[in-house]
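A.B. asks: Numbering (UniProt numbering), first residue to last: 1 to 209. Note that beta-carbon positions come from the ideal geometry of N, C-alpha and C, so glycine has one too. Below you'll find the structure I mean.
Quick look at the structure:
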C-alpha cells in the first residue's frame, strides 16, 4: 500500500477493491495487515501447506497473510527474548474473530509439541477454548452471524525452546443487555439456542427443567 503513486483515500480504496476482486483479501500497509472480509470460506488459504510455506519467511517475502504476522511475532520473541503483541481491530463484521483464530492456529502450530495421545496438549486446549467462548459471548447481528459481543485478551506463554507452556484468556465488556433485550433480526447468545436444540432428556436432568 505504501508503494502507491498517490496515497489518498480513493487510491487506497481502489487498491483494496482490485485486490479483493482478485481474491487477494489481505494487503500490507507498512507493518500493518489489512483484511477485507470475503464473507465466504477460503480453506485453501489456511491449510497446513500454507503454514509450512510461511514458516521462517521474512515479513513481506510472501503474499500478505495473518500467518506472516504471527510468524514475524514468534521469530522476534524467540530471537530477542521479548514478549510480542498483535492487535486485531476493526468494526463489527470485519472478521476480527476469524483473524484471531488464524493467528492462534499458527502460533499453536509453531509452538506445538509431541504429547501423549491420551492427553490433550496445551495448544489443543487453547484452540478448543474458542467454541466455548463463542457460545457464551457471540451472537447473530445484522452484519455478522457470529459477532463477538465482548473483548478478549489472549496470552500464550512459551518456554525457552519456543514451545507453548501455558495460556490465559481474559474477557471483558460483555454486552449484558443482549441477554434480556434483542432487536429483530438479531439473536441472543448462541448458548441459549444450543440449550433449546438439545434433546429433552439431556436438558431436564442436569438443569431441572
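Tell me which same chain residues have a C-beta within less than 7 Å of the C-beta of residue 65, skipping the five on either side of it?
C.D. replies: As a working note, residue 65 is residue 65 in the chain shown. Counting only Cβ-Cβ distances below 7 Å, and skipping sequence neighbours, we find 26 and 54.
A.B. asks: Is there a Cβ from chain D that is less than 8 Å from the Cβ of residue 83?
C.D. replies: The structure shown contains no chain D; it is built from a single protein chain.
A.B. asks: With C-beta atoms as the reference, is residue 15 less than 8 Å away from residue 4?
C.D. replies: The residue given as residue 15 occupies position 15 in the chain shown. The residue given as residue 4 occupies position 4 in the chain shown. Yes; because the gap between Cβ atoms is below 8 Å, this pair is in contact.
A.B. asks: Over what stretch of residues does the alpha helix (DSSP H) that includes residue 14 continue unbroken?
C.D. replies: Stepping through the chain shown from its first residue, residue 14 is reached at position 14. Looking at the DSSP string, the run of the alpha helix (DSSP H) that includes residue 14 is 9-21.
A.B. asks: Cα-Cα, which of 57, 69, 128 and 93 is closest to residue 28?
C.D. replies: By 1-based counting over the chain shown, the position of residue 28 is 28. Comparing Cα positions, the closest option is 69.
A.B. asks: To the nearest angstrom, how far is it from the Cα of residue 12 to the Cα of residue 19?
C.D. replies: Taking the chain shown and counting its residues from 1, one reaches residue 12 at position 12. Taking the chain shown and counting its residues from 1, one reaches residue 19 at position 19. Their backbone Cα atoms lie some 11 Å apart in a straight line.
A.B. asks: Does the beta-carbon of residue 105 have 16 or more other beta-carbons within 10 angstroms, so that it is buried, or is it exposed?
C.D. replies: The count along the chain shown starts at 1 and reaches residue 105 at position 105. Classification of residue 105: buried, given that the 10 Å Cβ count is 16 or more.
A.B. asks: Would you list, in sequence order, the uninterrupted beta strand (DSSP E) runs of no fewer than 3 residues that lie entirely inside the stretch 30-86?
C.D. replies: Listed in chain order, they are 32-35.
A.B. asks: Between which two residues does the alpha helix (DSSP H) containing residue 100 stretch?
C.D. replies: Numbered from its first residue, the chain shown carries residue 100 at position 100. Residue 100 -> alpha helix (DSSP H) spans 96-110.
A.B. asks: Identify which residue in 102, 196 and 186 has its Cα closest to the Cα of residue 177.
C.D. replies: If you number the chain shown from 1, residue 177 lands on position 177. Minimum Cα distance to residue 177 is reached at 186.
A.B. asks: Just how far apart, CA to CA, sit residue 172 and residue 150?
C.D. replies: Position 172 of the chain shown, counted from the first residue, corresponds to residue 172. Position 150 of the chain shown, counted from the first residue, corresponds to residue 150. Each residue's alpha carbon lies about 6 Å from the other.
A.B. asks: To the nearest angstrom, report how far apart residue 157 and residue 71 are at their CA atoms.
C.D. replies: As a first step, residue 157 must be located in the chain shown, where it is residue number 157. As a first step, residue 71 must be located in the chain shown, where it is residue number 71. In a straight line, the C-alpha of residue 157 is about 15 Å away from that of residue 71.
A.B. asks: By how many angstroms is the C-alpha of residue 89 removed from the C-alpha of residue 165?
C.D. replies: On the chain shown, position 165 is the one that residue 165 refers to. On the chain shown, position 89 is the one that residue 89 refers to. Rounded to whole angstroms, residue 165 to residue 89 spans 27 Å at the Cα level.
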